[in-house]
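The block underneath contains the structure these notes are about, expressed in structure tokens.
Protein chains: 2
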Amino acid sequence: MLTGKNVIACEPVDSADGRFSASGVLAQFEEASVDHVDQALDASAQAFDEYRRVPADARARFLDHIAEAIEHSDDLVEAAHVETALPLDRLTGERARTAAQLRMFANLLREGSWADARIDRAIPDRKPLPKPDIRRMLIPIGPVVVFGASNFPLAFSVAGGDTASAFAAGCPVVVKAHPAHPATSELAARAIIEAVEAAHIPRGSFSLLQSSRNEIAAALVRHRSTKAVGFTGSQRAGRALFDVAASRPDPIPMYAEMGSVNPVFLLPGAVAERGDAIAEALKNSVTLGVGQFCTNPGVTIGIDDDRFDQFVQRMEGLFREAGVGTMLYPAIFQSYEAGVQRLSALTRTCVRPSSVEEEFRARPSMFQTDARTFMRHRELGEEVFGPSTVVVRCGSREEMEAVAQHLEGQLTATIHGTPQDLAEYASLLSTLENKAGRLVFNGFPTGVEVCASMQHGGP
Amino acid sequence: MLTGKNVIACEPVDSADGRFSASGVLAQFEEASVDHVDQALDASAQAFDEYRRVPADARARFLDHIAEAIEHSDDLVEAAHVETALPLDRLTGERARTAAQLRMFANLLREGSWADARIDRAIPDRKPLPKPDIRRMLIPIGPVVVFGASNFPLAFSVAGGDTASAFAAGCPVVVKAHPAHPATSELAARAIIEAVEAAHIPRGSFSLLQSSRNEIAAALVRHRSTKAVGFTGSQRAGRALFDVAASRPDPIPMYAEMGSVNPVFLLPGAVAERGDAIAEALKNSVTLGVGQFCTNPGVTIGIDDDRFDQFVQRMEGLFREAGVGTMLYPAIFQSYEAGVQRLSALTRTCVRPSSVEEEFRARPSMFQTDARTFMRHRELGEEVFGPSTVVVRCGSREEMEAVAQHLEGQLTATIHGTPQDLAEYASLLSTLENKAGRLVFNGFPTGVEVCASMQHGGP
Numbered sequence: 319m320l321t322g323k324n325v326i327a328c329e330p331v332d333s334a335d336g337r338f339s340a341s342g343v344l345a346q347f348e349e350a351s352v353d354h355v356d357q358a359l360d361a362s363a364q365a366f367d368e369y370r371r372v373p374a375d376a377r378a379r380f381l382d383h384i385a386e387a388i389e390h391s392d393d394l395v396e397a398a399h400v401e402t403a404l405p406l407d408r409l410t411g412e413r414a415r416t417a418a419q420l421r422m423f424a425n426l427l428r429e430g431s432w433a434d435a436r437i438d439r440a441i442p443d444r445k446p447l448p449k450p451d452i453r454r455m456l457i458p459i460g461p462v463v464v465f466g467a468s469n470f471p472l473a474f475s476v477a478g479g480d481t482a483s484a485f486a487a488g489c490p491v492v493v494k495a496h497p498a499h500p501a502t503s504e505l506a507a508r509a510i511i512e513a514v515e516a517a518h519i520p521r522g523s524f525s526l527l528q529s530s531r532n533e534i535a536a537a538l539v540r541h542r543s544t545k546a547v548g549f550t551g552s553q554r555a556g557r558a559l560f561d562v563a564a565s566r567p568d569p570i571p572m573y574a575e576m577g578s579v580n581p582v583f584l585l586p587g588a589v590a591e592r593g594d595a596i597a598e599a600l601k602n603s604v605t606l607g608v609g610q611f612c613t614n615p616g617v618t619i620g621i622d623d624d625r626f627d628q629f630v631q632r633m634e635g636l637f638r639e640a641g642v643g644t645m646l647y648p649a650i651f652q653s654y655e656a657g658v659q660r661l662s663a664l665t666r667t668c669v670r671p672s673s674v675e676e677e678f679r680a681r682p683s684m685f686q687t688d689a690r691t692f693m694r695h696r697e698l699g700e701e702v703f704g705p706s707t708v709v710v711r712c713g714s715r716e717e718m719e720a721v722a723q724h725l726e727g728q729l730t731a732t733i734h735g736t737p738q739d740l741a742e743y744a745s746l747l748s749t750l751e752n753k754a755g756r757l758v759f760n761g762f763p764t765g766v767e768v769c770a771s772m773q774h775g776g777p
Numbered sequence: 319m320l321t322g323k324n325v326i327a328c329e330p331v332d333s334a335d336g337r338f339s340a341s342g343v344l345a346q347f348e349e350a351s352v353d354h355v356d357q358a359l360d361a362s363a364q365a366f367d368e369y370r371r372v373p374a375d376a377r378a379r380f381l382d383h384i385a386e387a388i389e390h391s392d393d394l395v396e397a398a399h400v401e402t403a404l405p406l407d408r409l410t411g412e413r414a415r416t417a418a419q420l421r422m423f424a425n426l427l428r429e430g431s432w433a434d435a436r437i438d439r440a441i442p443d444r445k446p447l448p449k450p451d452i453r454r455m456l457i458p459i460g461p462v463v464v465f466g467a468s469n470f471p472l473a474f475s476v477a478g479g480d481t482a483s484a485f486a487a488g489c490p491v492v493v494k495a496h497p498a499h500p501a502t503s504e505l506a507a508r509a510i511i512e513a514v515e516a517a518h519i520p521r522g523s524f525s526l527l528q529s530s531r532n533e534i535a536a537a538l539v540r541h542r543s544t545k546a547v548g549f550t551g552s553q554r555a556g557r558a559l560f561d562v563a564a565s566r567p568d569p570i571p572m573y574a575e576m577g578s579v580n581p582v583f584l585l586p587g588a589v590a591e592r593g594d595a596i597a598e599a600l601k602n603s604v605t606l607g608v609g610q611f612c613t614n615p616g617v618t619i620g621i622d623d624d625r626f627d628q629f630v631q632r633m634e635g636l637f638r639e640a641g642v643g644t645m646l647y648p649a650i651f652q653s654y655e656a657g658v659q660r661l662s663a664l665t666r667t668c669v670r671p672s673s674v675e676e677e678f679r680a681r682p683s684m685f686q687t688d689a690r691t692f693m694r695h696r697e698l699g700e701e702v703f704g705p706s707t708v709v710v711r712c713g714s715r716e717e718m719e720a721v722a723q724h725l726e727g728q729l730t731a732t733i734h735g736t737p738q739d740l741a742e743y744a745s746l747l748s749t750l751e752n753k754a755g756r757l758v759f760n761g762f763p764t765g766v767e768v769c770a771s772m773q774h775g776g777p
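For the protein sequence lines, the chains are C and V, in the order given. Just so you know, we're using our numbering here: the first sequence kicks off at 319 and counts up by one. Just so you know, we're using our numbering here: the second sequence kicks off at 319 and counts up by one.
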């Protein structure tokens, strides 16, 4: 049932530039060529004028159609399971989330306030000069290139949040699928094409390119018809594409959700009050989905006292007993293991389950260091994608604040504290407000709600 | 009364890196050093945490205080008159506009909706997982560097719109004054300092650096504590600073208002109906303020028929008789004259008054070319700052649309048309919607209202 082909303006196309293989359903997928990039963006640019004029109600119906097609595709969940090793129940949940995201944007379209319309009426008899009628609103920017994420094959990929928001705004979309799940991507594209047909949307509004090559990614961002980029992935890849976007003759916006260590600050009152419960929940958050979340808590910071010592011992016990899990694909596992080696060398401590049942199963890891060592080694504050956390012991409140100041921009920062802790550490909170897009109080960063108040991006 | 000194955290400072001269009030001003950049931004970063916590009402009173101090400063208008050669009545109007801008932001602060607050309340008994309470709002980003404009010494300079919006949001401001009006800048800074004192604002919230050097501008944008940039000026200077902002380890937003040729499209029905009136008003718009507006209409595009021929003849007559005017400063005049030479060489037509009464007085200029020549020479679509316009004759509607497609991003695009013209040229309008930040119908782009619906920026 799969073609393994690139899709331009809702049609499968030939003349690929070689093939690449992915684990699972179909052995080989066609690599998009630079010509395909041109064709896909030319089709988007041509479709833009017609698509942006499709009334908001009809665009909302289009999004609802995609949601329905996604919900009815069992193939999609099965393909994703084979390609990513993610469990079926997690993927069934992710499919529901994907549909919910599409419907959220459909409802936003029907409601209409997103356009931020402002109207100043004319004052023809104003002195010394008449005032004209002036109106301002947001309008669609043009073709958007969306890069699918490896870790959410449905919700942050072909028919994910970035695609939903671009379609909602009236922008055609060219998706660059993540090469780790090409079959899932082809099936999700099929759901979109079904909806394009059902809702009578111009066919040039959607294309899907399959590629494992950096130069195709760069060509998509550099193309004269590309007007914005949606990206989910590593800081390295994201920054490389940002630099392409910013150095164009006409720089374009890039909405990037990149690597983050999502620091968790444990204040002394909270540790004394419920250290064991925090340890249990934190270990669960670190190991959830084999640690493959952008909001995974990769750094845990506490004040070095007896209670914190007990907390750390409890964490060690939990990490020694933690379950192992299969990661998304071999390269991610290898990269995790390399990260564990790097952190072990810098901290000389690594607590993890000792036995490995089989190859490519990742063992959760916990490291310990002190604040000064943490601040001296940049790598200790860099994301290791997988189920690990670095525990940082601080000698004082001042040192904890210095660690917070030292951190780069983050998706989230979490604080566990009693009301008294929060009053005492007010200036820590103030620092974190400017370091992270989202602050979590007495909770855990994994789990991103689908709702209008959710901030899922940097500071 | 003037010190000629840089101001850091509301205090005049010594140890300048040389001096520069400007026409007028005081012969010499001290050049800011790289150390001054560090000191000003360190003071801003330190003041940020306190200033952002100043309640909205108190920040609004601070802005009102600045407005009042600006309104009461007659020195300000006189200094600007001497430094820029702009007429006193224009500057008195600009002072009123500056105060109105400050008060608009004060009222916005009191009203509060700018924070875009969104609240999703907790659903503790939701299945399978409880929903936490989630809240989202805009918060101040941190110290903002503002670059003053040459052509609006009050409204887009030290206490202008960018400064007003940054202060309103809760961000400290470091202004880099335009070197063409340092005395005006020092006096405007004095108004801000007066308000800082009256409203008990942290003194680190404001600094003013005087500099004529590109490397100081770049150092301000590159400084680790700078979190956003406001800029008004040429495309060349703006792009150079944008590149600095985008290539930082942590790229920062730059809100830039740069060069634009503000194309005016004259559709055949409108030209037939009121060609003479359009010619008169267009010539007035081109020559207003000696053409020194960012919304100056530098390109005029029409369909080459008999009525347009009559329109062009009428324009030629008006340009031959047009008055001359003194430009802001000698370098701007020289740059205008160089631009006129460049356009003359490319079009072999230049209509302007023949006599020059005295040196440095600019003569309005009108050029003519055809669409193909216009599209072949990039320079014909580039801003020549001053009272000039290039008339482009198109052979057909299709050619006029090709010219529109060919244009770079613009602050404004203007269309003169009858209802029938507008229906017939619907796809031209659609192209222009994506080329310009503001569309003007049957009016002229010069004159930017101070109101919430005004869009003064690119597409």
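For glycine and all other residues, C-beta sits at the position ideal for the given N, C-alpha and C.
Query, Result
"Cβ-Cβ distance between Phe-611(V) and Ser-653(V) below 8 Å", "no"
"Gly-840(V) - DSSP class collapsed to helix/strand/coil", "The structure shown does not extend to residue 840(V), since chain V spans only 319 to 777, so no value can be given for it."
"Start-to-end residues for the alpha helix (DSSP H) that takes in Phe-629(C)", "624–639"
"8 Å Cβ cutoff, Lys-449(V) in contact with chain C", "yes"
"Chain V residues whose Cβ lies nearer than 7 Å to that of Asn-752(C)", "Gly-460"
"Through-space distance from Val-658(C) to Phe-583(C), alpha-carbon basis", "22 Å"
"Residue closest to Pro-705(V), alpha-carbon to alpha-carbon, out of Ala-334(V), Val-604(V), Ala-595(V) and Ala-440(V)", "Val-604(V)"
"Residue range of the beta strand (DSSP E) that includes Arg-711(V)", "706–712"
"Bounding residues of the alpha helix (DSSP H) (the contiguous stretch that carries Asp-392(C))", "392–402"
"Short Cβ contact (8 Å threshold) for Pro-500(V) with Phe-366(V)", "no"
"Contacts that Ala-770(V) makes with chain C (C-beta to C-beta distance below 8 Å)", "Arg-436, Asp-438 and Arg-454"
"Nearest-angstrom Cα separation, counted from Cys-328(C) out to Leu-359(C)", "13 Å"
"Interface residues of chain C facing Glu-655(V) [CB-CB closer than 8 Å]", "Those do not exist, as Glu-655(V) stays about 28 Å from chain C at its closest Cβ, beyond 8 Å."
"Contact list for the stretch 565–595 of chain C against chain V, Cβ threshold 8 Å", "Ser-565, Asp-568 and Pro-569"
"3-residue-minimum beta strand (DSSP E) runs that sit fully inside the stretch 520–596 of chain V, ordered along the chain", "524–528, 546–550, 572–575 and 582–584"
"Burial state of Phe-347(C), where buried means 16 or more other Cβ atoms lie within 10 Å", "buried"
"Boundaries of the beta strand (DSSP E) in which Gly-620(C) is found, first to last residue", "617–621"
"Element boundaries [alpha helix (DSSP H), containing Ala-754(V)]", "Element bounds for Ala-754(V): not the alpha helix (DSSP H) but the beta strand (DSSP E), 754–759."
"Per DSSP, the bridge partner or partners of Arg-330(C)", "First, the amino acid is wrong: residue 330(C) is Pro here, not Arg. Paired residue(s): Val-325(C)."
"Within-8 Å CB hit, Phe-611(V) to chain C", "no"
"Beta-carbon proximity list for Gly-765(V), same chain, < 8 Å, skipping 5 on both sides", "Thr-613"
"Contact with chain V by Asp-443(C), beta-carbon distance below 8 Å", "no"
"Beta-carbon gap between Pro-778(C) and Cys-489(C) smaller than 8 Å", "Within the shown structure, residues of chain C are numbered from 319 to 777, placing residue 778(C) beyond reach of any answer."
"Contacts that Gly-761(C) makes with chain V (C-beta to C-beta distance below 7 Å)", "Pro-450"
"Proximity to Arg-540(V) [Cα-Cα], best of Arg-370(V), Ala-558(V) and Lys-449(V)", "Ala-558(V)"
"Candidates Leu-740(C), Glu-598(C), Leu-664(C) and Val-579(C), of which the one nearest Glu-700(C) by Cα", "Val-579(C)"
"Interface positions of the stretch 367–399 of chain C facing chain V (Cβ-Cβ less than 9 Å), listed along the chain", "Asp-367, Arg-370 and Arg-371"
"Stretch pair the stretch 580–599 of chain V + the stretch 623–630 of chain V: three plus CB contacts closer than 8 Å", "yes"
"Simplified DSSP assignment, three categories, for Phe-678(V)", "coil"
"Interface residues of the stretch 542–560 of chain V facing chain C [CB-CB below 8 Å]", "Phe-560"
"Residue-chain proximity (Gln-357(C), chain V), Cβ-Cβ < 8 Å", "no"
"Contact between the stretch 367–377 of chain V and the stretch 473–492 of chain V (3+ Cβ pairs under 8 Å)", "yes"
"Span of the alpha helix (DSSP H) around Ala-689(C)", "689–694"
"Within-8 Å CB hit, Ile-519(V) to chain C", "no"
"Burial state of Leu-750(C) (16 or more Cβ within 10 Å)", "buried"
"Residue nearest to Met-718(C) in terms of C-alpha spacing, selected from Pro-586(C), Ile-326(C), Phe-651(C) and Ala-350(C)", "Pro-586(C)"
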